[in-house]
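Below: one structure, written as structure tokens.
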Amino acid sequence: MAIRTFLRNLLAKLSHLKQRSFSHSAACRRQSSGGLETRLRDAANRDGLYAQDRWIQEHKAEMQAGGVIEQEGKLIASRLRSFQDLFDEPGPSNPWFMGDIIECEAELERVNQNLTAHRARVIELEAYRPPGKMARQYFDLHGQCLKSE
1 MAIRTFLRNL
11 LAKLSHLKQR
21 SFSHSAACRR
31 QSSGGLETRL
41 RDAANRDGLY
51 AQDRWIQEHK
61 AEMQAGGVIE
71 QEGKLIASRL
81 RSFQDLFDEP
91 GPSNPWFMGD
101 IIECEAELER
111 VNQNLTAHRA
121 RVIELEAYRP
131 PGKMARQYFD
141 LHGQCLKSE
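Counted from 1, the sequence shown has number 143 at position 143 by the UniProt record's numbering; the numbering is strictly sequential.
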């Protein structure tokens, strides 16, 4: 009889502890998911840091895309030079090199158009730089690349 009472009391305490731990973990999840992040985002919006951070991310992404376009242009230009060298060699010229040369020139023209569009996007992005110290420092370090051209 005493053992049965002891087990009943123990099970009652365990279920009470389980409920308390579940409610505590749920409260922690609610606080972590919305409380701190929301307050930090609101503070960043108030200070203008969110707009600056967003602009920096967009500028970095655009500059990386420009680097990819430039690398593609260099690759195509080197292929074009090698085909032209093969075509200009003394001896019987192969007619299929001319087709490769025309294809590379068309690809190079497409890459140049993409690069021109990229430069226009970067100039537009840099024209609408948000005010603030963080964006200004980033621009002073990384945004001057198109001004020299």
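Just so it is clear, CB atoms sit at the ideal spot from N, CA and C, and this is done for glycine as well.
Checking 8 Å against the spacing of the C-beta atoms, do residue i and residue j come in under that value?
| i | j | result |
| --- | --- | --- |
| residue 135 | residue 55 | yes |
| residue 80 | residue 97 | no |
| residue 111 | residue 73 | yes |
| residue 115 | residue 69 | yes |
| residue 125 | residue 59 | yes |
Ignore the nearest five residues each way along the sequence and tell me which others in residue i's own chain have a CB closer than 7 Å to its CB.
| i | result |
| --- | --- |
| residue 130 | 48, 51, 52 and 55 |
| residue 105 | 80 |
| residue 102 | none |
| residue 128 | none |
Can you give the beta carbon distance from residue i to residue j, rounded, assuming they're within the 8 Å contact cut?
| i | j | result |
| --- | --- | --- |
| residue 65 | residue 118 | 6 Å |
Leaving out the 5 sequence neighbours to the left and right, which residues in its chain are closer than 6 Å to residue i when beta-carbon positions are compared?
| i | result |
| --- | --- |
| residue 100 | 83 |
| residue 132 | 48 and 52 |
| residue 138 | 56 |
With a threshold of 8 Å on Cβ separation, who are the neighbours of residue i within its own chain once the five nearest residues in sequence on each side are excluded?
| i | result |
| --- | --- |
| residue 107 | 76 |
Any heavy atom of the ligand SAM closer than 7 Å to the Cβ of residue i?
| i | result |
| --- | --- |
| residue 90 | This structure lacks the ligand SAM, and indeed carries no ligand of any kind. |
Would residue i count as contacting chain B if we go by Cβ distances under 8 Å?
| i | result |
| --- | --- |
| residue 69 | Among the protein chains of the structure shown there is no chain B, as only one such chain exists. |
Handout entry: Segments of 3+ residues assigned as beta strand (DSSP E) that fall wholly inside the stretch 50-134
Key = Entirely contained in the stretch 50-134, not one beta strand (DSSP E) run reaches 3 residues.
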